[in-house]
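Protein chains in written order, with the UniProt record's numbering: chain A, 1 to 381; chain B, 1 to 381.
Here is the structure we will look at, set down as structure tokens.
Number of protein chains: 2
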Amino acid sequence: MTTIEPGAVDPLAAERAARMTWARLVEPREDKGRPLIAEHGHLGALARVRHDPTLLGRAAVARLTAFDLSRELRAADLVEARVLIPGDPEWPLSLDDLALPPHCLWVRGPADLRAVTERSAAVVGARTASAYGRQLAAEISAGLAGRGFTIISGAAFGIDAAAHHGALAVDGLTVAALACGIDRAYPAAHTNLLKEILERGAVVTEMPPGSAPIRTRFLDRNRVIAALSLGTVVVEAGLRSGSLNTARHAAECGRYVGAVPGPVTSVTSAGTHELIRTREAELVTDAAEVAELLGVMGDDLAPARRGPDRPEDRLGRKERTLWEALPASRGAPLSRLVEATGMSASDVLQALGSLNLIGMAVRDRGGWRKPPEPKLEDTSP
Amino acid sequence: MTTIEPGAVDPLAAERAARMTWARLVEPREDKGRPLIAEHGHLGALARVRHDPTLLGRAAVARLTAFDLSRELRAADLVEARVLIPGDPEWPLSLDDLALPPHCLWVRGPADLRAVTERSAAVVGARTASAYGRQLAAEISAGLAGRGFTIISGAAFGIDAAAHHGALAVDGLTVAALACGIDRAYPAAHTNLLKEILERGAVVTEMPPGSAPIRTRFLDRNRVIAALSLGTVVVEAGLRSGSLNTARHAAECGRYVGAVPGPVTSVTSAGTHELIRTREAELVTDAAEVAELLGVMGDDLAPARRGPDRPEDRLGRKERTLWEALPASRGAPLSRLVEATGMSASDVLQALGSLNLIGMAVRDRGGWRKPPEPKLEDTSP
């Protein structure tokens, strides 16, 4: 494991400590420090900041001075979290697709994060989800988990929770990415859900222990969800839902984005409709379609959609034409059927005979009609 | 008017008679005769068929022999229908975009067909529509009619009827295109609807009087609906609904196609979802979006969608960060807020002062928290 255990030799110890320091010094997508890091690496950049405190500003320097590696390690140990950095076998290479990848990741749970995210889908959406949205999130997640996809989401109320539960319901793997420290259960009402996820899956965050889930960190977290998975499905989203932000991050790092439509009268579908309208997302309606979107070519093709078969589909061309011209009430005489169909009288008679044999034409008041059949069905061609 | 009235001189009389004959000889999209017509025109092609009866086959020749112009004119007169052909001022030029345009059109109603279809939308869909679909069809049609669009549909049960009714409800113009002869009211249950449409609008068909609405003629009719309008909106459609066929015809003659999504659990939305999925249609959710799709550039732009404003949107960056880190229950001490936000103690204190002033932070048990506010809202960023 990549946990830094007391006594174990960590070949990346210095780099790991430097990255953990950076996670304390700056917010994940803060510009400050990034040019330094890009030029000198995390360790080198840190040395430069120590040398010239003006580089990052007063507050960051105060945090740099206060940084205490052993305290950090204890905080992670306390919740049995490991700290991953690039170079660790468990570091998900997918994160390198981000413009600003996490400095490091705190991870809990038995799953190997790189392995389980190799075939994974993010299922996200509104917190104020409707029953429709929660049902679909659970169904799509269960369907994907059943096809071997790990479900990644944000453990929030509504769609996120339904997505995790859907995967858990079929004993699938699921990963929760948090916007707060690994030592926090957020939202508190989902403490048990997070425990369930931890039984076989993983909980991850790039925020150091003790960090609160504030707005910008949700946006930071969303890019981690997007990058960790092969694609993101937005199930329900209002026009300001954070899941739209996740979808855009997914598109930015070249991942597939799907969105589930709903009634246009539902405000919680306005965001998914907008994603589809603007071509930022593909419209998806079930797990099979999502699997096709995400899966390996040819491996996960959704079955083609077709309507139900109807008796008249099996008729020959002339029989079909006549059958359609037959009135549903009051029999029509032969002359009327000839005019109505444009067929010759002998063709009409022949077709009437065939239809009569299979019970699809009956005599009525000296003419012919369809058999009575009290059903309502969309029979438009 | 282009009606052939007794005694009036019709400069296109011979061509009109020839085209009315062709409408009796062949079905609208039948290949037979089309090469002859393309080469020699309707009149010339007819002369050739008279000369060589083998060109069209036995049944067509029988119909040619039986053709009786004065009887045809009487049948049209009986229902006060006029017969339009290319060259008439009322002939809609849009029909010329069809690969196989109608030979002629029977038209009833006071509207000038060319004029009223110049700014028009087809609103079509499933016969077995849901209440959701019918409501949307009526709303979208009313909204478009209110923006000066003529609503074109097929007078069928379900979406078609709701579309016509929506236009009528706002005193808008609407046109019904039939799959049967102009002397027939199909479906019979819509006799009154057709009468209402006829009061200000028009009813049209390319099928000669007496023709029954058989399957292939619905498909013929669908291409007329598609070509007559600037674009087609499919409101609800099963996977085999004829409205999908209308949508495809619309795309073929370069018209815009929109489709309204619905719950993925509804079979009557499976067809519209498929149209959107396959990029055959744009997703549309209301009349404004359809108007934008169909309207003149810049003239009919739909308002941009945005979510509601929230109090925290108006906060400064530090106040916002702190506000988000404030617990919703139990006050948190200063040290906790410093850790949670990554802000300096003095910044936290200053932001607390500002939030407290506007009632967005309150003291609680020696710490600070958000004011109690029992509401459920999607506040994810």
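No residue lacks a Cβ here, since even glycine has one placed at the ideal position from N, Cα and C.
Values in this document were obtained by computation on a predicted structure and should not be read as measured data.
- Report the option in A:V124, A:L78, A:D220 whose CA atom is closest to the CA atom of T272 of chain A. Answer by Cα proximity: A:V124.
- Task: Kindly list, in the order they appear in chain B, the residues whose Cβ is closer than 8 Å to that of Y132 of chain A.
- Result: Contact annotation for Y132 of chain A against chain B: P263, T265 [CB-CB distance below 8 Å, chain order].
- Interfacial residues, the segment 358-371 of chain B to chain A, with Cβ spacing under 9 Å: Across the segment 358-371 of chain B, no CB contact with chain A closer than 9 Å is found for any residue.
- Task: Compute the Euclidean distance between the alpha carbons of W368 of chain B and R147 of chain B, then round it to the nearest angstrom.
- Result: Distance between the alpha carbons of W368 of chain B and R147 of chain B is about 54 Å.
- Message: In whole angstroms, give me the CA-to-CA distance for L100 of chain A and R29 of chain A.
- Response: Taking the straight line joining both Cα atoms gives about 6 Å.
- Query: Do you know how far the Cα of P11 of chain A is from the Cα of L168 of chain A?
  - Reply: Each residue's Cα considered, the two are about 36 Å apart.
- Task: Look at the Cβ atom of V233 of chain A, then the Cβ atom of V290 of chain A, and state whether they are nearer than 7 Å.
- Result: The beta carbons of V233 of chain A and V290 of chain A sit closer together than 7 Å.
- Message: In the DSSP output, what is G316 of chain B paired with across the bridge?
- Response: Answer is none; G316 of chain B lacks a bridge partner.
- Message: Contact between the segment 125-140 of chain A and the segment 236-244 of chain A is defined here as three or more beta-carbon pairs at a separation below 8 Å; is this criterion met?
- Response: The segment 125-140 of chain A makes contact with the segment 236-244 of chain A: 3 or more CB pairs, one atom from each, lie closer than 8 Å.
- Task: Output, in chain order, the set of chain B residues within a Cβ distance shorter than 7 Å of S211 of chain A.
- Result: Within chain B, the residues near S211 of chain A are A340.
- Message: Report the start-end ranges of each alpha helix (DSSP H) in the segment 313-372 of chain B that is 4 residues or longer and not cut off at the edges.
- Response: Annotation note: the segment 313-372 of chain B contains the following uninterrupted alpha helix (DSSP H) runs of length 4 or greater, listed N- to C-terminal: 317-325, 334-341, 345-357.
- Pull up the CB-CB distance for T212 of chain B and A325 of chain A, whole angstroms please, since I reckon it's below 8 Å. Note that residue 212 of chain B is Ala in the sequence shown, not Thr. Sure, about 4 Å apart at Cβ, within 8 Å.
- Message: Against chain B, which members of the segment 127-161 of chain A pass a CB distance test of less than 7 Å?
- Response: Cβ contacts with chain B come from R127, T128, Y132, L136, A156.
- Message: For I214 of chain A and T341 of chain B, which I take to be in contact (beta-carbon distance under 8 Å), what is that distance rounded to the nearest angstrom?
- Response: The pair is a contact, with the Cβ atoms about 7 Å apart (cut-off 8 Å).
- Message: Going by DSSP, what residue range makes up the beta strand (DSSP E) through W106 of chain B?
- Response: Note, W106 of chain B: beta strand (DSSP E), 105-108.
- When B:A129, B:H103, B:L283, B:P89 are compared against D112 of chain B, the one with the closest alpha-carbon: The option with the nearest alpha carbon to D112 of chain B is B:P89.
- Message: For H273 of chain A, would you say it is in contact with chain B, using Cβ-to-Cβ distances shorter than 7 Å as the test?
- Response: It does: the Cβ of H273 of chain A has a partner Cβ on chain B nearer than 7 Å.
- Can you list the residues of chain A that S344 of chain B reaches, using a CB-CB cut of under 8 Å? Near S344 of chain B (Cβ distances below 8 Å), the residues of chain A are R58, A59, A62.
- Is there at least one Cβ from chain B nearer than 7 Å to A8 of chain A's Cβ? So no, A8 of chain A is outside the interface.
- Query: Can we say the segment 103-120 of chain A touches the segment 189-200 of chain A, given the rule of at least three CB pairs closer than 8 Å?
  - Reply: In short, these stretches touch, since the Cβ pair count reaches three.
- Message: Against E324 of chain B, what residues of chain A qualify as contacts under a CB-to-CB distance less than 9 Å, listed in chain order?
- Response: Correct list: A212, P213, I214, R215, T216, R217, F218.
- Task: Measure the alpha-carbon distance for S243 of chain B versus L105 of chain A and round it to whole angstroms.
- Result: When the Cα atoms are used, S243 of chain B and L105 of chain A turn out to be separated by approximately 52 Å.
- Task: Rounded to whole angstroms, what's the CA-CA distance from R19 of chain B to V175 of chain B? Just pull it up for me.
- Result: Distance from the CA atom of R19 of chain B to the CA atom of V175 of chain B, rounded to whole angstroms, is 23 Å.
- Message: Counting only beta-carbon separations shorter than 7 Å, does R277 of chain A have a partner in chain B?
- Response: Yes, because at least one Cβ of chain B sits closer than 7 Å to the Cβ of R277 of chain A.
- Residue from A:A126, A:L219, A:G295 whose Cα sits closest to the Cα of F149 of chain A: Per the C-alpha coordinates, the member of A:A126, A:L219, A:G295 positioned closest to F149 of chain A is A:G295.
- Message: Assuming V260 of chain B and V284 of chain B are in contact, meaning their beta carbons sit under 8 Å apart, how far apart are those beta carbons, in whole angstroms?
- Response: The C-beta separation of V260 of chain B from V284 of chain B comes to about 6 Å, placing the pair in contact by the 8 Å criterion.
- Could one say the Cβ of L334 of chain B lies closer than 7 Å to chain A's Cβ atoms, at least one of them? No, its Cβ sits nowhere closer than 7 Å to a Cβ of chain A.
- Task: Could you tell me if A76 of chain B is buried or exposed, where buried requires 16 or more neighbouring beta carbons within 10 angstroms of its beta carbon?
- Result: Label assigned to A76 of chain B: buried.
- Query: Looking only at C-alpha atoms, which of B:Q350, B:P371, B:G201, B:G366 sits nearest to M360 of chain B?
  - Reply: Comparing Cα-Cα distances from M360 of chain B to each of B:Q350, B:P371, B:G201, B:G366, the minimum goes to B:P371.
- What three-state label does DSSP hand D88 of chain B in the structure shown? Shown here, D88 of chain B sits in a strand according to DSSP, grouped into three states.
- Item | Residues that R260 of chain A contacts on chain B, provided the C-beta gap is smaller than 8 Å | Per the sequence presented here, residue 260 of chain A reads as Val, with Arg not at that position. Those are V264, listed as they occur along chain B.
- Helix, strand or coil: how does DSSP classify L55 of chain A here? Three-state DSSP puts L55 of chain A in a helix.
- Distance between beta carbons of R330 of chain A and R365 of chain A, contact taken as under 8 Å: A Cβ-Cβ separation of about 6 Å places R365 of chain A in contact with R330 of chain A under the 8 Å criterion.
- Query: Closer than 7 Å, CB to CB, is L283 of chain B near chain A or not?
  - Reply: At least one chain A Cβ lies under 7 Å of L283 of chain B.
- Query: Smallest Cα separation from E15 of chain B: which of B:R34, B:L43, B:K32?
  - Reply: Nearest C-alpha to E15 of chain B among B:R34, B:L43, B:K32: B:L43.
- Message: Within 7 Å of any Cβ in chain B, is that where the Cβ of T321 of chain A sits?
- Response: Nearest CB-CB separation between T321 of chain A and chain B: below the 7 Å threshold.
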